[in-house]
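Chemist:
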Amino acid sequence: MNQVKVLFVSSEVYPFAKVGGLADVVGALPVELQHHHCDARVIMPLYKSVKEKQTHNLDFIGWKMIKMGWRSLYAGLYTLTMNGVQFYFVDNEYYFNFDQVYVEYVFDIERFCFFQRAVLDFLGDFMGFEPDVLHCNDWQSGMMPLLLEAHYKKYGYHTNIKTVYTIHNLKYQGIHGIEVIQDLLDLPGEYLTDELSIKDGAVNFMKAGIVYSNSVTTVSPTYAYEIMTDYYGEGLNHTLQRYAYKVSGILNGINADEYNPKKDAMIPAKYSVKDYEKGKAVNKKSVQEQLGLEVNPGAPLCTMISRLVDQKGLDLLLRVVEEMLYDGMQIVVLGTGDAYYERSLADIAARNPGKMCACISFDNGLAHTLYAGSDIFLMPSLFEPCGLSQLIAMTYGTIPIVRETGGLRDTVIPYNEFTGEGNGFSFANINAHEFLFVTKYACDLYRHNKPVWNKLIEEGMKADYSWKHSAEEYAGLYSFITGISIAEEKEPEKKPLTQEILDMPAPKKVSEKKSAKKTEVKKESEKVDPAKAGKKEEVKKEVKKESPKKETKTAPKKAASSKKSIAAAKKPSAKKEEASSKETENKEK
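Using our numbering, you'd call the opening residue of the sequence shown number 1 and step up by one each time.
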């Protein structure tokens, strides 16, 4: 069986370093791809936290000097294997010896310019791996398809490598001055044009990735369409329209081992779709006690686990949150982000003790407990490329309320009261009161229509949100752009249809058999069973007796002709039959 060799390039990978959903994707997708005829590996920077935690697991491969403008800088390569996937780490303490993944935007541009150049220099014999596909993610690796073309393929190196560029969030594009980038990446002027990599007078990493990659993917089909419009396109919609032939959307999945209420060790009570009512009740009580909320099993517990930024619809929530509390809901917000949103949520929570809690931090254990103990999950995002939180919530039996955008539209089916279909609730417009009314409607169903609510929970918990289907689509994409077939081989004993046709006997023999069969059929049809013939004769005689003379003038001729044919077939038996028929006639008279 053929295997496609894939190298994922990412700035963050779970469980080594995580800021957003990118880390979850690159941490889980390569693991699943191992089951779909792919040798998937990952390369990322060696951050300080990774070096400290994985010191005893890291193996040193070697080092190189990487040219960065007028400087030559050290780059080390380390590796380790986890969950069947080989991970590589690029080491340079000047750029990556920090506790956080992202430091400062201008410095981050330089850091990831170095990272991209180092990865390309390590490819092939040095790292012992020449990928068929280089899978780049977001702006931090957006220049790699261009660098591969300008520095390598142009001179006959890595000519067979194809590139896939995945856009996880179009808003963050990697923009910097032309002169600085030209110096750092040693790029000829022919690659720095408005058609190729320049946007509004500056180098745009994401635009370069879109133009030079063999395939562009986004993390949901709806988002792939949305980013080609003026509203969601972030200034790159015309570029995406020009290259629409290679743009596609593949939904993300979630880690089914980490997010599973039957096995989750972080929640107070485990449960499944068969006993979720009891399990969720225990977890809800634990949340209320832990966060100082009123312990009330009948109050709808609404949670939001998110980065606190405008993209996530925080302005909509702030506009109507006190009306929600007045309606009897309990609200918990977990996350960090913009200081304005952190302060505003904390102030509202302070004014409503026992009803609302703002947890301005990120606690993974608390997040799991909130997914398990909540009744409703709030996601009023202005835009959402895919979103994983709504998938996790449904896995734990928590009903999502979302705005119809991006991956939220692809994954949450709004409840239809006439057909009973759905696994959540949604609203279409960026409107705070539309969000409020949908949330009130959901709470009414929670309080007064338990059969409907339970059906929504079961629909969400029964669905498969794992990476299996997504990995199949990515494997198919890799096969398509590389030309490497990964289709399942057929069993040797089963011949293809064309071979069966070739193995059939020659046409002449077939026709002879058919003609022989026809002659046999004719012979058998000519033979007449004497018993049947006798019965026919009896019937004809009876008809002759009962019918009037005028109507049966031609009957004797027919009878005679039939007698002659019967006699020709077998005379003795026919005579016996005639004698027996005369005796019966005499008896009747």
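Ideal Cβ positions, reconstructed from N, Cα and C, are used throughout, including at glycine. Fair warning: this is a prediction, and the values are worked out from it, not measured in the lab.
Quick check: the Cα distance between K162 and E149, rounded to an integer number of angstroms?
Modeler: In a straight line, the C-alpha of K162 is about 10 Å away from that of E149.
Chemist: Quick one: using the 10 Å Cβ neighbour count with 16 as the cut-off for buried, is V607 buried or exposed?
Modeler: Nothing can be reported for residue 607, as the shown portion of the chain is limited to 1 through 589.
Chemist: Considering Cα atoms alone, identify which of I457, V320 and F383 is closest to T439.
Modeler: Cα-wise, what sits closest to T439 is V320.
Chemist: If you draw a straight line from the alpha carbon of H135 to that of I167, how long is it in whole angstroms?
Modeler: Taking the straight line joining both Cα atoms gives about 11 Å.
Chemist: Need the endpoints of the alpha helix (DSSP H) that C113 sits in, please.
Modeler: Where C113 is concerned, the enclosing alpha helix (DSSP H) stretches over Y105 to F122.
Chemist: Between which two residues does the beta strand (DSSP E) holding T163 run?
Modeler: Counting along the chain, the beta strand (DSSP E) containing T163 begins and ends at K162 to I167.
Chemist: Only counting the same chain, and skipping five residues up and downstream in sequence, which positions put a Cβ closer than 6 Å to that of S10?
Modeler: The answer, listed in chain order, is V26, M44 and N137.
Chemist: Rounded C-beta distance between T411 and L251? I'm assuming under 8 Å.
Modeler: Contact holds; Cβ gap of about 7 Å.
Chemist: Buried or exposed: which applies to F437, given that a residue is buried once 16 or more other Cβ atoms fall within 10 Å of its Cβ?
Modeler: So F437 counts as exposed.
Chemist: For H368, count the other beta carbons within 10 Å of its own beta carbon; 16 or more makes it buried, fewer makes it exposed. Which is it?
Modeler: Classification for H368: buried.
Chemist: Let me make sure I understand the geometry here. Which of H176, V180 and N160 has the alpha-carbon closest to that of W70?
Modeler: Residue V180 is the option with its Cα nearest to W70.
Chemist: May I have the straight-line CA-CA distance separating F480 from G142, to the nearest angstrom?
Modeler: F480 and G142: Cα-Cα distance of roughly 21 Å.
Chemist: Among Y223, S213 and N283, which has the Cα closest to the Cα of Y371?
Modeler: Checked all of Y223, S213 and N283; the closest Cα to Y371 is N283.
Chemist: Taking contact to mean 3 or more Cβ pairs, one atom from each stretch, closer than 8 Å, check whether the region 196 to 204 and the region 125 to 132 are in contact.
Modeler: Too few Cβ pairs lie closer than 8 Å, so no.
Chemist: If contacts are defined as beta-carbon pairs under 8 Å, then G174 and I109 qualify, I think. What distance do you get, rounded to the angstrom?
Modeler: The pair is a contact, with the Cβ atoms about 7 Å apart (cut-off 8 Å).
Chemist: With 16 as the cutoff for other CB atoms within 10 Å, does P30 come out buried or exposed?
Modeler: By the 10 Å Cβ count, P30 comes out buried.
Chemist: For F115 and E104, what's the separation of their Cα atoms in angstroms?
Modeler: One C-alpha to the other measures close to 16 Å.
Chemist: I need the straight-line Cα distance from L345 to A393, nearest angstrom please.
Modeler: About 22 Å.
Chemist: Compare the C-alpha of E458 against each of K5, G420 and H56 and name the closest.
Modeler: Comparing Cα positions, the closest option is G420.
Chemist: Pairing CB atoms from the region 85 to 105 with CB atoms from the region 204 to 219, are three or more of them under 8 Å?
Modeler: Contact between the region 85 to 105 and the region 204 to 219 is absent, because fewer than three Cβ pairs lie under 8 Å.
Chemist: Assuming the contact rule is C-beta atoms closer than 8 Å, L291 and C357 should be a hit. Round their C-beta distance to whole Å, please.
Modeler: About 4 Å; that satisfies the 8 Å criterion.
Chemist: Rounded to the nearest angstrom, what separates L120 and V50 at their Cα positions?
Modeler: L120 and V50: Cα-Cα distance of roughly 22 Å.
Chemist: Over the uninterrupted beta strand (DSSP E) stretch that includes S72, give me the two end residues.
Modeler: Unbroken beta strand (DSSP E) run through S72: R71 to M82.
Chemist: On the criterion of 16 or more Cβ atoms from any shown chain inside 10 Å, does A75 qualify as buried, or is it exposed?
Modeler: Burial call: buried.
Chemist: What is the rounded straight-line gap between the Cα of V216 and the Cα of E294?
Modeler: One C-alpha to the other measures close to 49 Å.
Chemist: What three-state label does DSSP hand N204 in the structure shown?
Modeler: N204 falls in the strand class under three-state DSSP.
Chemist: Decide if the region 310 to 327 is in contact with the region 380 to 393; the criterion is three or more beta carbon pairs, one per stretch, under 8 Å apart.
Modeler: Yes: the two stretches touch, three or more of their Cβ pairs being nearer than 8 Å.
Chemist: For F87, count the other beta carbons within 10 Å of its own beta carbon; 16 or more makes it buried, fewer makes it exposed. Which is it?
Modeler: When all chains shown are included, F87 counts as buried.
Chemist: Does I348 pass the burial test, meaning 16 or more other C-beta atoms within 10 Å, or should it be called exposed?
Modeler: By the neighbour-count rule (16 or more Cβ atoms within 10 Å), I348 is buried.
Chemist: Between the Cα of P188 and the Cα atoms of Y165, K154 and G201, which residue gives the shortest distance?
Modeler: Measuring from the Cα of P188, the nearest candidate turns out to be K154.
Chemist: Comparing C-alpha positions only, which one of M266, C38 and F435 sits nearest to E472?
Modeler: Ranking the options by Cα distance to E472, first place goes to C38.
Chemist: Out of L318, T239, Y474 and N214, which one is the CA nearest neighbour of N204?
Modeler: Ranking L318, T239, Y474 and N214 by Cα distance to N204 puts T239 first.
Chemist: What is the residue span of the beta strand (DSSP E) that T218 lies within?
Modeler: T218 -> beta strand (DSSP E) spans S215 to T218.
Chemist: Just verifying my parser: in three-state terms, what is the DSSP assignment at S306?
Modeler: If DSSP states are grouped into helix, strand and coil, S306 belongs with coil.
Chemist: Of the choices Y326, Y223 and F362, whose alpha-carbon is the least far from that of G407?
Modeler: Answer by Cα proximity: Y223.
Chemist: Along the chain, where does the beta strand (DSSP E) that runs through G422 open and close?
Modeler: Neither: G422 is in no beta strand (DSSP E) and is coded neither H nor E.
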